[in-house]
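J.: Would you mind keeping the following structure in view while I ask a few things?
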Amino acid sequence: MHTSKVARHNELERCLYKVPSFFFPSLSVTMNSSLGFTAELFHGVSTSGGGVATPKPSSFNNPSFFFQRFSKKPYLSFSTPTASRPKSIGKTVSCSNREEDVGGFTYKGAGVDIDAGSELVRRIAKMTPGIGGFGGLMPLGDDYLVHSTDGVGTKLMLAIETGIYETIGIDLVAMCVNDIVTSGAKPLSFQDQYSTGHLDVDLAEKVIKGIVDGCKQSGCPLTGGETAEMPDRYAEGKYDLSGSVVGIVKKDSLIDGKSIVVGDVLIGLPSSGVHSNGFSLVRRVLAQSGLSLKDQLPRGSGKPITMGEALMTPTVIYVKQVLDIISKGGVKGIAHITGGGFTDNIPRVFPKGLGATIYRDSWEVPAVFKWIQEAGRIEDAEMRRTFNMGIGMVLVVSPDAAARILREQHGGYSAYRIGEVTSREGVTTSDMHGILTECFWVCERERVLLTR
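So the sequence shown is numbered by this note's numbering: it starts at 190 and just counts up by one.
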């Protein structure tokens, strides 16, 4: 091969690994006498619908085919050597926490001040050093017991309004067990507290049934609880829920984020919808929209669904899926995307000096979030700091582990490669589509030059 062609081949190979490898974890590039190169895909790649491409080797001789098959918006074709270089590529935008930077409805305007909550945690940490993770650690021989307590917030109000009581207990269990599995802990025992002004036995039975269901999904027994009847505290028909879980993990198997390095990969596990955070803002938007919980969700979601059904979809319990992934190795940190969204939760798992870039078009945002944002005129940064946006759990893993997870799609669940670890603290976002467009232009240019 001519020296200049060898150099160009090397440049092309570097380009192919740099950007398409974000979606194609193992990419082999070989010379081809007629086309210059052939790229072979050996690992599955998540598509916009959550499916996975056939993992057997496939050759892609044309960047146009490459682009149209795996990009969500194929607005530019590279089928001819005269294709023009796109003028606009992915724009990186920093998530903003400042109230003055956002317009429309905000979580703070709806009555929830995330910054105040973070400040309280900071003050408590001064009194009890070591807290601040998703679960509290208690040494026990060669193990850690991991403890978490949580609730479901004002989603309870929608449960009362819709009459959907059977799934709110699943939400309660999910909020607790999903927190402790971020440490790699297996849940051992769950207990709840059900507080009400007047005990409606039939209603309480439905709620507890959901808790039992959630415990079964997480492989954790319900070992007890408290039922408190307080007529002077709660109005007729009102109740409150809280839960507590204890799990266990070997000390040498603890997932604590300390080994995370630049270049590690962020894998996102899909949510089922809003889960159990942000409902004070959701209720504000719903009230202003003029829609009722019985109205159809305006944006398409695959099949007709009412607002109430969409909002009350139970939180995904990730325990079995995450423990399965952990058992295969390569998992360094895990973030449960709850209150604070991507902006506040993902940085909690990073060592000092590290951050992440999230490619916001690497998964399909569920219709319910699109409606919330449009109806409430909510800025992107506010959405990312309030809601999970379709990703309920983020795993920080080695590149090799990322390839395996995408290829195997553990437990029948989908997974997305949504970002990577960087040397810049905090969370920034970018459009992967624009970056892919730029790279494919380079691929086409080099393919033509290699054939000369």
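Here a beta-carbon is modelled for each residue, glycine too, at the ideal position from N, C-alpha and C.
Is it true that the CB of residue 341 sits closer than 8 Å to the CB of residue 364?
T.: Taking the sequence shown and counting its residues from 1, the one referred to as residue 364 is at position 175. Taking the sequence shown and counting its residues from 1, the one referred to as residue 341 is at position 152. Yes, they are a contact pair.
J.: Find out if the Cβ-Cβ distance for the pair residue 539, residue 343 is shorter than 8 Å.
T.: Residue numbering aside, residue 539 sits at position 350 when the sequence shown is read from its first letter. Residue numbering aside, residue 343 sits at position 154 when the sequence shown is read from its first letter. Not closer than 8 Å, so no.
J.: Measuring alpha carbon to alpha carbon, tell me which of 312, 354, 368, 388 ends up nearest residue 512.
T.: To locate residue 512, count along the sequence shown from 1; it is residue 323. Answer by Cα proximity: 368.
J.: Let me make sure I understand the geometry here. Which of 588, 543, 580 has the alpha-carbon closest to that of residue 617?
T.: Indexing the sequence shown from 1 puts residue 617 at position 428. Checking every option, the nearest Cα to that of residue 617 belongs to 543.
J.: Using a Cβ distance threshold of 8 Å, determine whether the stretch 514 to 523 contacts the stretch 589 to 609, with at least three qualifying pairs required.
T.: They touch, by the three-pair rule.
J.: Would you mind reading off the limits of the beta strand (DSSP E) that contains residue 417?
T.: For the purposes of this step, residue 417 is identified with residue 228 of the sequence shown, where counting begins at 1. Element bounds for residue 417: 411 to 418.
J.: Give every residue of the same chain whose Cβ lies closer than 6 Å to the Cβ of residue 377, excluding the five residues on either side of it in the sequence, and list them in chain order.
T.: Walking along the sequence shown from the start, residue 377 turns up at place 188. The residues are 435, 436, 437.
J.: Just to confirm, are residue 159 and residue 510 a CB contact at a threshold of 8 Å?
T.: Residue numbering for the chain in the displayed model covers 190 to 641; residue 159 lies beyond these limits and cannot be assessed.
J.: Buried or exposed: where does residue 316 fall if 16 or more other Cβ atoms within 10 Å of its Cβ makes it buried?
T.: Taking the first residue of the sequence shown as position 1, residue 316 is located at position 127. So residue 316 ends up on the exposed side.
J.: Checking the sheet assignment: what are the DSSP bridge partners for residue 378?
T.: Looking up residue 378 in the sequence shown gives position 189. Paired residues: 435.
J.: Quick check: what's the CA-CA separation for residue 379 versus residue 412?
T.: In the sequence shown, counting from the first residue as 1, residue 379 sits at position 190. In the sequence shown, counting from the first residue as 1, residue 412 sits at position 223. Looking at the two C-alpha atoms, the distance is approximately 6 Å.
J.: Got a sec? Which residues, its chain only, sit under 6 Å from residue 484 by beta carbon, not counting five neighbours each side?
T.: Translated into the one-based positions of the sequence shown, residue 484 becomes position 295. Same-chain partners within the cutoff: 496.
J.: Are the beta-carbon atoms of residue 547 and residue 494 separated by less than 8 Å?
T.: Numbered from its first residue, the sequence shown carries residue 547 at position 358. Numbered from its first residue, the sequence shown carries residue 494 at position 305. No. Outside cutoff.
J.: Quick check on residue 538: does DSSP put it in helix, strand or coil?
T.: Residue mapping note: residue 538 aligns to position 349 of the sequence shown, counting from 1. The answer is helix: DSSP assigns residue 538 an H, G or I state.
J.: Does the contact criterion of 3 or more C-beta pairs under 8 Å hold for the stretch 520 to 537 versus the stretch 382 to 391?
T.: No, the stretch 520 to 537 does not touch the stretch 382 to 391.
J.: With the cut-off set at 8 Å, would you say residue 384 and residue 346 are in Cβ contact?
T.: The count along the sequence shown starts at 1 and reaches residue 384 at position 195. The count along the sequence shown starts at 1 and reaches residue 346 at position 157. No, the pair does not count as a contact, with Cβ atoms beyond the cut-off.
J.: Distance check for residue 447 and residue 541, CA to CA, integer angstroms please.
T.: Reading the sequence shown from its first residue, position 352 is the one you call residue 541. Reading the sequence shown from its first residue, position 258 is the one you call residue 447. Going from the Cα of residue 541 to the Cα of residue 447 covers about 9 Å.
J.: Could you tell me if residue 571 is buried or exposed, where buried requires 16 or more neighbouring beta carbons within 10 angstroms of its beta carbon?
T.: Start at 1 with the first residue of the sequence shown, and residue 571 comes out as number 382. Counting Cβ neighbours within 10 Å, residue 571 comes out buried, since at least 16 surround it.
J.: So, helix, strand or coil for residue 556, using DSSP?
T.: Locating residue 556 in the sequence shown gives position 367, counting from the first residue. Residue state, collapsed to three classes: helix.
J.: Could you tell me the boundaries of the alpha helix (DSSP H) in which residue 351 lies?
T.: On the sequence shown, residue 351 is found 162 positions in, with the first residue counted as 1. Here the alpha helix (DSSP H) through residue 351 covers 344 to 351.
J.: According to DSSP, is residue 568 part of a helix, a strand, or is it coil?
T.: For the purposes of this step, residue 568 is taken as the residue at position 379 of the sequence shown. Residue 568 falls in the coil class under three-state DSSP.
J.: Could you tell me the distance, in whole angstroms, from the CA atom of residue 361 to the CA atom of residue 430?
T.: Counting from one through the sequence shown, the residue named residue 361 turns up at place 172. Counting from one through the sequence shown, the residue named residue 430 turns up at place 241. Taking the straight line joining both Cα atoms gives about 8 Å.
J.: What residues in its chain sit with their C-beta under 6 Å from that of residue 573, if we drop five residues either side in the sequence?
T.: Locating residue 573 in the sequence shown gives position 384, where the first residue counts as 1. Closer than 6 Å at the Cβ level, and outside the excluded window around residue 573, lie 284, 530, 531, 532.
J.: Give me, in chain order, the residues of the same chain whose beta-carbon lies closer than 7 Å to that of residue 424; leave out the 5 immediate sequence neighbours on both sides.
T.: The residue given as residue 424 occupies position 235 in the sequence shown. Excluding residues within five positions, the ones whose Cβ falls inside 7 Å are 386.
J.: Determine the DSSP secondary structure at residue 520, reduced to helix, strand or coil.
T.: Reading the sequence shown from its first residue, position 331 is the one you call residue 520. Strand at residue 520.
J.: Can you grab the Cα-Cα spacing for the pair residue 505 / residue 339, in whole Å?
T.: Here residue 505 corresponds to residue number 316 of the sequence shown, with the count starting at 1. Here residue 339 corresponds to residue number 150 of the sequence shown, with the count starting at 1. Cα to Cα, residue 505 sits roughly 15 Å from residue 339.
J.: Tell me, please, which residues DSSP counts as bridged to residue 327.
T.: Position 138 of the sequence shown holds residue 327. For residue 327, which the question treats as bridged, DSSP gives the partners 334.
J.: Quick one: what does DSSP say residue 547 is sitting in, helix, strand or coil?
T.: Against the sequence shown, residue 547 aligns to sequence position 358. Strand, per DSSP.
J.: Take residue 454 and list the residues in its own chain whose beta-carbon comes closer than 8 Å to its own, dropping the five residues that flank it on each side.
T.: The count along the sequence shown starts at 1 and reaches residue 454 at position 265. For residue 454, where only same-chain residues beyond five positions count, the Cβ hits under 8 Å are 585, 586, 587, 588, 590, 591, 606, 608, 609, 610.
J.: Buried or exposed: which applies to residue 327, given that a residue is buried once 16 or more other Cβ atoms fall within 10 Å of its Cβ?
T.: The count along the sequence shown starts at 1 and reaches residue 327 at position 138. Looking at its Cβ environment, which holds fewer than 16 other Cβ atoms inside 10 Å, residue 327 is exposed.
J.: State yes or no: is the beta carbon of residue 484 nearer than 8 Å to at least one beta carbon in chain C?
T.: No chain C is present in this structure, which holds just one protein chain.
J.: Can you find the residues in the same chain that come closer than 8 Å, C-beta to C-beta, to residue 449, ignoring five residues on each side of it along the sequence?
T.: Start at 1 with the first residue of the sequence shown, and residue 449 comes out as number 260. Result list for residue 449: 521, 522, 538, 539, 540, 543, 585, 610, in chain order.
J.: Take residue 612 and list the residues in its own chain whose beta-carbon comes closer than 6 Å to its own, dropping the five residues that flank it on each side.
T.: Locating residue 612 in the sequence shown gives position 423, counting from the first residue. 451, listed in sequence order.
J.: What residue ranges within the stretch 427 to 500 form continuous alpha helix (DSSP H) runs of no fewer than 4 residues, ordered along the chain?
T.: List check, alpha helix (DSSP H) in window: 468 to 478, 496 to 500.
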